[in-house]
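Q: Right, I'll just put the structure down here and ask away after.
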Amino acid sequence: MSESKPGRRERYAALTRSAIVEAARMLFVDRGFDDTSVDDIADAAQVSKGAIYHHFKDKQEIFIDVYRDATKGVIENVVKVLIDVPAGSWDRIEAAASAVIKGYTDNREPRVLVRQVMGVLGAERTQALEGELALPLIRTLLTEAEENGELRDLSIEKASQLIFRVLCESSLLIANSADYTEAAHEVETVMLYMFAGLRKPPATARARRKS
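Numbering (the UniProt record's numbering), first residue to last: 1 to 211.
Encoded structure:
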């Protein structure tokens with residue numbers, strides 16, 4: 001049986017959209033958002049300008065897809081790191097925080113894009129986009145720590161929001177530093193001390209697990 005026309009069209013549309021996002025990603029990273037035009041993206045993706053506007057309302061909407069993919073890449077690497085860390089352990093929170101920092105030191109792309117995102121999307125849209133990707137994982141890690149008796153008695157939602165904001169600011173501090181490797185080391189040290197304040201003293205945590 002031959003493939004249906006709608007199926008072929010959908011596949012072609014998905015490939016076209018992917019080509020547009022990939023072309024835009026390279027241009028935004030190399031030139032910046034402001035110095036990249038829709039015509040530039042169309043030329044790099046080898047599609048018509050009309051094809052771009054068929055898939056995206058404007059250049060900002062393309063940037064959203066590019067930034068979402070870059071942030072997803074950082075989060076996916078965090079998840080990979082956590083595979084080897086015992087569930088419920090406080091080490092998972094520290095490992096996740098360190099993996100986020102590593103994601104911005106090891107990869108130029110998220111560093112470049114995070115410097116641009118506020119200017120392109122504004123604070124509110126940026127926070128919503130980053131929160132959509134990062135907050136579920138943060139909540140999960142804090143809930144695990146609470147169930148394991150390692151988290152102080154506090155609001156998981158408020159703690160998640162605050163940790164999220166610390167991580168966002170950390171990525172900006174690293175990206176905007178001339179020596180991002182040194183900045184990452186300093187940021188990670190401070191951040192882990194801050195997060196340690198959320199942890200119950202070990203003796204209290206052990207007593208709760210035994211009860």
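Cβ coordinates follow ideal geometry from the N, Cα and C atoms, glycine included.
#1: Using the Cβ count rule (16 or more neighbours within 10 Å means buried), how would you classify Thr181?
#2: Identify every residue that forms a DSSP beta bridge with Leu129.
#3: Should the stretch 143-155 be regarded as contacting the stretch 94-109, the criterion being three or more beta carbon pairs within less than 8 Å?
#4: Could you name the residues that DSSP lists as bridge partners for Arg199?
#5: Can you tell me the Cα-Cα spacing of Gly131 and Val166, whole angstroms?
#6: Roughly how many angstroms separate the alpha carbons of Thr71 and Pro201, rounded to a whole number?
#7: Can you name, in chain order, every residue of its own chain whose Cβ lies under 8 Å from the Cβ of Val187, other than the five neighbours on each side?
#8: Return the residue from the list Phe164, Gln127, Gly122, Ala123 that minimises the CA-CA distance to Leu141.
#9: Under three-state DSSP, which class holds Thr36?
#10: Which residues in the same chain have their Cβ closer than 8 Å to the Cβ of Val47, if we skip the five residues on either side of it in sequence?
#11: Looking only at its own chain, which residues have a Cβ that is under 6 Å from the Cβ of Tyr67, when we skip the five neighbours before and after it?
#12: In whole angstroms, give me the CA-to-CA distance for Leu27 and Ala42.
#13: Indicate the three-state DSSP secondary structure (helix, strand or coil) for Asn77 in the structure shown.
A: Answer, in terms of the structure:
#1: The residue you call residue 181 lines up with position 181 of the sequence shown. The residue in question, Thr181, is exposed, as its Cβ has fewer than 16 Cβ neighbours within 10 Å.
#2: Stepping through the sequence shown from its first residue, residue 129 is reached at position 129. Answer is none; Leu129 lacks a bridge partner.
#3: These segments do not touch.
#4: By 1-based counting over the sequence shown, the position of residue 199 is 199. Bridge partners of Arg199: Leu151.
#5: For the purposes of this step, residue 131 is taken as the residue at position 131 of the sequence shown. For the purposes of this step, residue 166 is taken as the residue at position 166 of the sequence shown. For Gly131 and Val166, the distance between alpha carbons rounds to 12 Å.
#6: Translated into positions along the sequence shown, residue 71 becomes position 71. Translated into positions along the sequence shown, residue 201 becomes position 201. Roughly 33 Å between the two C-alpha positions.
#7: The sequence position of residue 187 within the sequence shown is 187, counting from 1. Close CB contacts of Val187 within its chain, under the 8 Å cut and outside five residues either way in sequence, are with Ile101, Ser170, Leu173, Ile174 (chain order).
#8: Within the sequence shown, residue 141 is the residue found at index 141, counting from 1. Minimum Cα distance to Leu141 is reached at Phe164.
#9: Position 36 of the sequence shown holds residue 36. Coil at Thr36, not helix or strand.
#10: Your numbering for residue 47 matches position 47 in the sequence shown. Short of 8 Å from the beta carbon of Val47, and not among the five residues preceding or following it, lie these beta carbons of its own chain, in chain order: Thr16, Ala19, Ile20.
#11: Here residue 67 refers to the residue found at position 67 of the sequence shown. Result list for Tyr67: Leu113, Val117, in chain order.
#12: To locate residue 27, count along the sequence shown from 1; it is residue 27. To locate residue 42, count along the sequence shown from 1; it is residue 42. Leu27 and Ala42 have their C-alpha atoms some 11 Å from each other.
#13: One-based indexing of the sequence shown puts residue 77 at position 77. Looking at Asn77 - three-state DSSP - the assignment turns out to be helix.
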